[in-house]
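In order, the protein sequence lines correspond to chains A and B. The opening position of the first sequence corresponds to residue -5 in the working numbering, with each subsequent residue numbered one higher. The opening position of the second sequence corresponds to residue 254 in the working numbering, with each subsequent residue numbered one higher.
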Amino acid sequence: MDKKNTLSLFLRSFLLQGFWNYALMQNVGFFYIVLPQLKRLYGADKAALQRAAARNLEAFNSQPVMSGYSIGALLKQEAIIKKTPPARLQEEEREWRIIRAASASTAASIGDRLFWATLKPLSLVLYLVILFAGGVDFLGAHAQDEGQVFFTAALALTGALLIYNAPAFVVRLKGLLDGYGGDEDNFYGLINLNWNKIIYFLKTLGQVLTIFVIFYGIYVHFSSVVIDAGVITRFSLLLAFTVLSIFMKRLNIPNIFLYITATLVFALAAILA
Amino acid sequence: MTLMLLLCVLAAFLELDTTCAGQFLISRPLVAGSVLGALTGNFFIGLQLGVFIELIYLDFLPIGGVVPPSGAITAALAVLLFHFFDVPAHFAFFFAVALGILFSFAQKRIRRYRGALLPSLEQGLIKGAIAPAALIAQSLFLEFLAAFAFLMAALTIIGPLYTLYAPYMPNRFDIAFQFSYFIVPWVGLSVLFISFSTKPKAD
């Protein structure tokens, strides 16, 4: 793959989910990404191009950032199919489908854990750390200088977007190249990096930073509070809800429902009181 | 009205980043909330609402076919209700979160609609009669329109309704919403900590 084709694949890959549907998921987006390469590969052979188009329009689902590994590997297999004599065509097409199933699901599993479950929350916690470090109390406990809030928040936003997007761009591009250059031995480039080690390191970093945010938040919010019955009641309720939220998380129930229920219960209690 | 319209256009455009295009995370609530807050002159409230929405939506991951509530739509509704209809942040947050969940149902319907449309388009795509780029462009436009229409409808219904009933609302009601708003970041931060757990899940 030359630079021009790699760039085309890279740019088009941002629209992988442009036609996401429950029937065949990212199939149209995938087809949109690979179509110029298929046209280049099959040239004037219309029948072969249509056969390839039908194959490339089958169901596809992966994690968008990591999908490059699958796309690269499948394009390489497509080049093999192109050179295959008709007698062995079905065999190579079956191999293409095996590569798609294996690489897409493995890439999705790694991508979901790395980008959605680690880097996204890590960028949030980094944002909160920068806010606190810049003297901005996002909990709103104290009056704050607007200029300082704006400057710090802009810095925090840039940091949060960078910590997610910089690795996402690198992995997106690396995935295409490694996927195309890989084979079964390195699982189409997917085992070139020790993903588990990276995820473990980032999650540990996230835990440390979150502990800092929680304790600093408690200090900022409660250090100047005069302890009385009202404060103790508020703090006890807060603690109860925090514990409840942890249990709900363990049960895989989104905390949004805890918030909505709590609001409705409080509102009902307010009406009945 | 013109400013509200323009801000809804911006929010609907940002919403495309959630799943359809790019996924640069410019649609996340802390970006959308801050940007819309800055444009309406309520930067700190926009920032706070954005952070709180981000924390409460942490549980939702856009894995597989999951359609998480839209952070951009929720943040936009919260900030715009606060700015245009003087809805206090604790009420605006509640309305926006509930409407954000409602919008995810609309998005699921769009996905089903696209799936139902696919068999009739497949042959055209294979034969080259339909360009996938055109199909994606139409799909993005539909998503944009749906988000814009939803935002405008929600704002023009909820905003005036709140203004109408707010004078009759008992003070205790206000305290109840304020308290549930107060617990959001703490609950969110505890979930954030758990989300970084390095232990493998039992299931």
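Don't be surprised by glycine CBs; every beta carbon is placed ideally from N, CA and C.
Discussion item. Is any non-hydrogen atom of the ligand FAD found closer than 7 Å to the C-beta of L395/B, if you look at the structure I gave you?
Written reply: Among the ligands in the structure shown, none appear at all, so the ligand FAD cannot be discussed.
Worksheet item: Between K243/A and P420/B, what straight-line distance do the alpha-carbon atoms span, to the nearest angstrom?
Response: Rounded to whole angstroms, K243/A to P420/B spans 38 Å at the Cα level.
Item to complete: Answer yes or no: do Q250/A and D312/B have a C-beta to C-beta separation smaller than 8 Å?
Response: Here residue 250/A turns out to be Ile, not Gln, going by the sequence shown. Going by C-beta atoms, I250/A is nearer than 8 Å to D312/B.
Discussion item. What does the alpha-carbon distance come out to for the pair A455/B and S64/A?
Written reply: Caution applies to A455/B, whose pLDDT of 49 falls short of 50 and renders its modelled position unreliable; the model cannot decide the point.
Discussion item. Rounded to the nearest angstrom, what separates Q142/A and I247/A at their Cα positions?
Written reply: Using only the alpha carbons, I get a separation of about 38 Å.
Discussion item. Let me check understanding here. Comparing Cα to Cα, which of G286/B, F432/B and A402/B lies closest to Q360/B?
Written reply: Residue A402/B is the option with its Cα nearest to Q360/B.
Worksheet item: Which residues, taken in chain order from the segment 286 to 311 of chain B, show a beta carbon closer than 8 Å to some beta carbon of chain A?
Response: Answer in chain order: S287, A291, F296, F297, L300, Q301, V304, E307, L308, I309, Y310 and L311.
Fill in: Continuous alpha helix (DSSP H) stretch holding M242/A: start and end
Here the alpha helix (DSSP H) through M242/A covers A223 to R244.
Practice prompt. Starting from N15/A, follow its DSSP beta bridges and name the residues at the other end.
Written response: N15/A is bridged to M19/A.
Worksheet item: Would you call the CB atoms of P30/A and S2/A closer than 8 Å?
Response: In contact: P30/A and S2/A (Cβ atoms closer than 8 Å).
Fill in: Identity of the residues DSSP links to F346/B by a beta bridge
Paired residue(s): none; F346/B is not in a bridge.
Worksheet item: Any chance the segment 41 to 54 of chain A sits against the segment 388 to 403 of chain B, with 3 or more Cβ pairs inside 8 Å?
Response: Too few Cβ pairs lie closer than 8 Å, so no.
Worksheet item: What alpha helix (DSSP H) runs, 4 residues minimum, are completely inside the segment 361 to 420 of chain B?
Response: Counting only runs of at least 4 residues, the segment 361 to 420 of chain B fully encloses the following alpha helix (DSSP H) elements, listed from N- to C-terminal order: 385 to 418.
Worksheet item: Counting along the chain, where does the alpha helix (DSSP H) carrying K452/B start and finish?
Response: Going by DSSP, K452/B is part of no alpha helix (DSSP H) at all; its letter is neither H nor E.
Worksheet item: Is the segment 148 to 159 of chain A close to the segment 43 to 60 of chain A, with three or more CB pairs under 8 Å?
Response: When C-beta atoms of the segment 148 to 159 of chain A are compared with those of the segment 43 to 60 of chain A, fewer than three pairs fall below 8 Å, so the two segments do not count as touching.
Worksheet item: What's the C-alpha gap between T409/B and M257/B?
Response: Straight through space, the alpha carbons of M257/B and T409/B are spaced by roughly 10 Å.
Item to complete: Using alpha carbons as the reference points, say which of K168/A, Q57/A, A81/A and A127/A lies closest to N95/A.
Response: Before going on, a small fix: residue 95/A reads as Ala here, not Asn. Nearest in C-alpha terms to A95/A, of all of K168/A, Q57/A, A81/A and A127/A, is Q57/A.
Fill in: Status (buried if at least 16 other CB within 10 Å, exposed otherwise) for I411/B
Here I411/B is buried. Its C-beta has 16 or more other C-beta atoms within 10 Å.
Discussion item. Please list, in chain order, the chain B residues whose beta carbon lies closer than 7 Å to that of Q142/A.
Written reply: For a Cβ distance threshold of 7 Å, nothing in chain B lies close to Q142/A: the least Cβ distance comes to about 11 Å.
Worksheet item: With L355/B and A328/B assumed to form a contact (beta carbons below 8 Å), what rounded beta-carbon distance in angstroms separates them?
Response: Actually they do not touch by this definition, with Cβ atoms about 15 Å apart.
Discussion item. Assess contact between the segment 314 to 333 of chain B and the segment 160 to 179 of chain A, defined as three or more Cβ pairs (one per stretch) separated by less than 8 Å. Is contact present?
Written reply: The segment 314 to 333 of chain B, when compared against the segment 160 to 179 of chain A, does not touch it at the 8 Å Cβ threshold.
Worksheet entry | Chain-ordered neighbours of Q11/A on chain B, where CB pairs are closer than 8 Å | Under the 8 Å cutoff, chain B gives T272, C273, A274 and Q276.
Item to complete: Express the C-alpha separation of I326/B and A234/A in angstroms, rounding to a whole number.
Response: When rounded, the distance between both Cα atoms is 30 Å.
Practice prompt. Check whether the Cβ atoms of F446/B and Q201/A sit closer than 8 Å, and answer yes or no.
Written response: F446/B is a Cβ neighbour of Q201/A, given a cutoff of 8 Å.
Worksheet item: Between V444/B and the rest of its own chain, which residues show a CB-CB distance below 6 Å, the 5 nearest in sequence each way excluded?
Response: Excluding residues within five positions, the ones whose Cβ falls inside 6 Å are L311.
Worksheet item: So what's F54/A in DSSP terms, helix, strand or just coil?
Response: Strand at F54/A.
Worksheet entry | Cβ-Cβ separation, V22/A to I389/B (assumed contact under 8 Å), whole Å | Between V22/A and I389/B the Cβ distance is about 7 Å, and since that is below 8 Å, they are a contact.
Worksheet item: Out of F109/A, Q138/A, N(-1)/A and V130/A, which has the shortest C-alpha to C-alpha gap to G211/A?
Response: Nearest neighbour of G211/A by Cα position, chosen from F109/A, Q138/A, N(-1)/A and V130/A, turns out to be V130/A.
Fill in: Per-residue burial, P423/B [other beta carbons within 10 Å of its own, 16 or more giving buried]
With fewer than 16 other Cβ atoms within 10 Å, it is exposed.
Item to complete: Note down, in chain order, every chain B residue with its Cβ under 7 Å from the Cβ of S239/A.
Response: What S239/A touches in chain B, judged by beta-carbon distance under 7 Å, is V440, S443 and V444, going in chain order.
Worksheet item: With 8 Å set as the bound, which would you pick, yes or no: does the beta-carbon of T152/A sit closer than that to a beta-carbon of chain B?
Response: Closer than 8 Å: no.
Discussion item. Looking only at its chain, what residues have a beta carbon closer than 7 Å to the beta carbon of A256/A, apart from the 5 residues adjacent to it on each side?
Written reply: F235, listed in sequence order.
Worksheet item: Can the beta-carbon of A147/A be found less than 8 Å from the beta-carbon of L300/B?
Response: Their beta carbons are under 8 Å apart, which means A147/A touches L300/B by this criterion.
Discussion item. Cutting at 7 Å between CB atoms, please list the residues of its own chain near A285/B, excluding the five before and the five after it.
Written reply: Excluding sequence neighbours, A285/B sits near A264, L267, G303, G324, A325, A328 and A329.
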